[in-house]
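First up is the structure itself, then whatever we jot down about it.
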Amino acid sequence: MILLPLPGVEGAAPLLEVGAALARARQVHLLILNVVEVPPGTDLSEGALTAQERRPELMRLCRDYESFIADVRPVVKVGRQLWSEIAGTARDEGCELLLLGWKGRTQTPGQVFGEDLDRILADPPCDVALISRVDLGTVRRILVPARGGSWARLALRIADDLAQATGAEITVLHVLRETLEGPERRMAEQTYLDALALVKRTRLRRRLALAPEVVETILEEVGGHQLVIMGASAGAEPLGAIPKAVLERLECGGMVVRSTLPVDLRPASPPAWSAARVNKWFAENSFHAREFADLDRLVDLKRRQGVTISLGLPTLNEEATVGPIITTLREALMERAPLLDEIVLIDSGSQDRTVAMARDLGVPVYQHAEILPQYGTHRGKGEALWKSLYVLRGDLVAWVDTDIRNMHPQFVYGLLGPLVTHPRLMYVKGYYRRPLQVGDTVYETGGGRVTELTARPLFNLFFPELSGLIQPLSGEYAGRREALEQVPFFTGYGVEVGLLIDLLHWFGLEAMAQTNLEVRIHRHQSLPSLGLQAFAILQVVIQRLQDRGTLPLLHEMSPTMKLIRFEESVLGLELREVRDHERAPMISIPEYRQRRALVRSTE
6 MILLPLPGVE GAAPLLEVGA ALARARQVHL LILNVVEVPP GTDLSEGALT
56 AQERRPELMR LCRDYESFIA DVRPVVKVGR QLWSEIAGTA RDEGCELLLL
106 GWKGRTQTPG QVFGEDLDRI LADPPCDVAL ISRVDLGTVR RILVPARGGS
156 WARLALRIAD DLAQATGAEI TVLHVLRETL EGPERRMAEQ TYLDALALVK
206 RTRLRRRLAL APEVVETILE EVGGHQLVIM GASAGAEPLG AIPKAVLERL
256 ECGGMVVRST LPVDLRPASP PAWSAARVNK WFAENSFHAR EFADLDRLVD
306 LKRRQGVTIS LGLPTLNEEA TVGPIITTLR EALMERAPLL DEIVLIDSGS
356 QDRTVAMARD LGVPVYQHAE ILPQYGTHRG KGEALWKSLY VLRGDLVAWV
406 DTDIRNMHPQ FVYGLLGPLV THPRLMYVKG YYRRPLQVGD TVYETGGGRV
456 TELTARPLFN LFFPELSGLI QPLSGEYAGR REALEQVPFF TGYGVEVGLL
506 IDLLHWFGLE AMAQTNLEVR IHRHQSLPSL GLQAFAILQV VIQRLQDRGT
556 LPLLHEMSPT MKLIRFEESV LGLELREVRD HERAPMISIP EYRQRRALVR
606 STE
């Protein structure tokens with residue numbers, strides 16, 4: 006992968022041309038990076054809206070090159086220091102080459118190229134190329150002053166790649182100091198020849214020059230060349246005195262490259278979590294559905310990656326909403342834009358017309374109690390989701406609740422968009438404003454009561470890495486099968502909380518994201534029902550704390566809750582059992598592994 010940081014979209018075309026040409030020649034991905042710098046004293050999470058604004062801008066830049074190279078994708082990072090985010094991204098993504106634009110000599114005392122470039126070049130995370138005034142459209146001849154060594158080999162490889170894209174001729178200039186003689190001269194000549202052997206181009210000229218002054222000799226040879234590519238040289242300065250002197254005096258395009266083994270820049274023994282880490286995650290991994298409204302682009306990315314996508318609809322007596330939901334999503338995401346490969350309804354024993362309506366619309370329907378019956382069955386949405394992994398075929402799986410009254414395709418493509426465009430992500434939650442509808446009146450606040458009074462306080466107390474999730478209990482989420490099949494599912498109300506805790510444990514915070522789906526209007530539950538939901542969530546959180554030795558209990562938790570019945574003529578207690586059973590990771594089920602092997606063999 007090649008990493009190209011861009012400060013903005015203006016004037017980015019020349020750098021993009023270089024990045025795209027190199028990526029195509031090497032047949033690797035091109036990652037376009039923009040960094041939102043947040044000043045000290047300002048919470049990193051305040052960079053979230055700026056990040057959401059910049060991602061579509063980068064996306065538009067990438068579109069011009071999607072047919073040209075294997076994969077080009079944008080990423081926006083939020084941090085305090087530009088250089089740290091660039092180096093960290095290069096390390097995290099396993100990049101082989103980092104391209105850095107240079108506008109000219111800095112006037113800041115004590116700095117060579119500017120603080121950010123100096124910092125990166127002093128300890129680069131991978132191979133680095135510094136680019137100055139390169140216009141590939143004008144390049145017909147490329148000059149490579151080379152002495153040999155790993156940096157010269159990198160310069161020659163980049164020259165060869167760019168010559169492949171432009172049809173340019175390469176001139177390899179070997180400058181030997183006149184004072185060099187005997188074994189030292191023969192060694193220098195052999196090193197140069199070894200490097201030269203790496204160049205595959207047939208349009209190659211070789212020049213040997215004996216001169217007292219290397220810089221002046223290189224500059225004299227530049228005439229007639231539109232691009233000069235040099236390897237860095239040893240010395241106290243980041244790229245060495247000779248390349249720096251040449252680059253500053255060039256009137257054509259120039260590149261200086263530095264080869265190095267990847268350096269692990271991770272701080273020693275970082276804390277398990279920090280407020281800054283969560284704030285940074287919030288800013289970088291909080292998306293908006295409108296970023297993915299270009300469905301043709303999502304379909305194209307899906308096709309290139311060779312993935313399949315399934316949508317599962319869990320239902321229980323949803324005849325009022327299931328028909329419009331199926332019609333809306335199928336028309337937009339299967340007929341107009343084939344983003345979804347299948348829509349499947351997983352029912353939990355509906356007593357109304359839910360199942361009949363879905364079948365009339367041609368949607369496959371499964372009763373969750375009839376899936377993998379040899380493993381028994383439990384009541385609850387989590388049970389339906391766990392069993393749906395067995396019948397759904399997709400590499401990416403999305404689920405949305407079926408009581409939504411204002412269904413829009415963005416409720417699905419907003420979840421899938423981050424997974425399709427960012428391969429590092431494993432799981433995406435939806436978030437939204439939740440107006441409360443009472444009769445014919447809609448109140449803008451009042452939704453998400455269990456979220457704010459139970460789930461988020463518990464996360465802040467015991468799993469603070471998850472404290473940036475806006476709607477941890479939302480019923481709209483999507484994930485990669487490779488992640489979902491490896492974690493347990495709780496069978497009832499605790500399924501969302503359990504998934505978040507376990508996915509965090511196995512894949513880390515950076516593999517998770519959330520998307521703004523705007524407004525969700527749905528059926529709200531009674532206060533006693535919300536109490537049962539909160540009770541189940543507490544059980545799951547405490548169980549996970551026990552599992553990890555964080556909160557040992559002296560006595561087993563009670564699975565029953567007493568509901569208060571306080572009405573005009575009734576005062577009493579109603580005992581209800583609330584127990585979320587834990588289903589093992591689906592990958593541990595032999596029948597599932599056999600079915601997945603069969604699905605893969607037929608694709």
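Its first residue numbered 6, the sequence shown is counted upward by one per residue in the working numbering. For each residue, glycine too, the CB sits at the ideal point set by N, CA and C. All figures in this text were calculated on a predicted structure; none of them were measured in a lab.
- Under the criterion of beta carbons closer than 8 Å, S479 and Y436 qualify as touching, at roughly 6 Å.
- Its Cα nearest to that of Q231, the residue E256 stands out among E256, A246 and F416.
- Following the DSSP letters along the chain, one finds V402 in no alpha helix (DSSP H) but inside the beta strand (DSSP E) bounded by residues L401 to W404.
- Closest by C-alpha distance to K567, out of P248, L580 and Q538, is L580.
- Shown here, G453 sits in coil according to DSSP, grouped into three states, outside any helix or strand.
- In the same chain as L578, and ignoring 5 residues on each side of it, the C-beta atoms closer than 8 Å to its own belong to K567, L568, I569 and R570, in chain order.
- V83 sits in a strand when the DSSP states are folded into three classes.
- Counting along the chain, V40 sits inside the beta strand (DSSP E) bounded by residues L35 to E42.
- Counting along the chain, no beta strand (DSSP E) covers F297, and no H or E run does either.
- Positions of the beta strand (DSSP E) runs, each at least 3 residues long and wholly inside the stretch 114-173, are given as 132-137 and 146-150 in order along the chain.
- Remark: C-beta atoms of L105 and V133 approach each other more closely than 8 Å.
- For M235, the secondary structure class from DSSP, reduced to helix, strand or coil, is strand.
- Residue range I314 to T320 is occupied by the beta strand (DSSP E) that includes T320.
- Contact between the stretch 545-565 and the stretch 479-494 is absent: fewer than 3 CB-CB pairs across the two stretches fall below 8 Å.
- When rounded, the separation of the alpha-carbon atoms in P129 and D121 is 11 Å.
- Closest option to L126, judged by alpha-carbon separation, among L38, Q415 and K249: K249.
- With fewer than 16 other CB atoms across the displayed protein chains lying within 10 angstroms of its CB, G381 is exposed.
- Taking the Cα positions, L209 is about 10 Å away from R146.
- Ranked by Cα distance from F287, the options A30, A53 and Q32 are led by A53.
- In the structure shown, R410 adopts coil according to DSSP, grouped into three states.
- In terms of CA proximity to I475, R461 leads the group L466, P469, R461 and F468.
- Per DSSP, the beta bridge partners of K434 are Y482 and Q519.
- The way I'd put it, the stretch 32-42 does touch the stretch 74-93; three or more beta-carbon pairs between them come closer than 8 Å.
- For a cut-off of 8 Å, the C-beta gap from D400 to T520 is around 19 Å, too long to register as a contact.
- The straight-line gap separating the alpha-carbon atoms of A539 and D305 is approximately 42 Å.
- The Cβ-Cβ distance between P477 and R588 does not fall below 8 Å.
- Under a 10 Å Cβ-count criterion, R308 is classified as exposed, with fewer than 16 other Cβ atoms of the shown protein chains found around its own Cβ.
- Per the coordinates, the alpha-carbon of T94 lies some 14 Å from the alpha-carbon of P428.
- The Cβ atoms of M591 and W391 sit closer than 8 Å to each other.
- Taking C-alpha positions only, E608 is separated from R601 by approximately 11 Å.
- Runs of the alpha helix (DSSP H) lying entirely within the stretch 532-571, each at least 4 residues long, are 532-552 in chain order.
- Residue range P595 to T607 is occupied by the alpha helix (DSSP H) that includes E596.
- Straight across, the Cα-Cα distance linking M6 with L35 is about 6 Å.
- Distance from the CA of A342 to the CA of V77, rounded to the nearest whole angstrom, comes to 21 Å.
- The shortest C-alpha to C-alpha distance from T359 to any of T407, V402, E340 and A18 is the one to T407.
- Annotation: Q86 to R302 spans about 32 Å, alpha carbon to alpha carbon.
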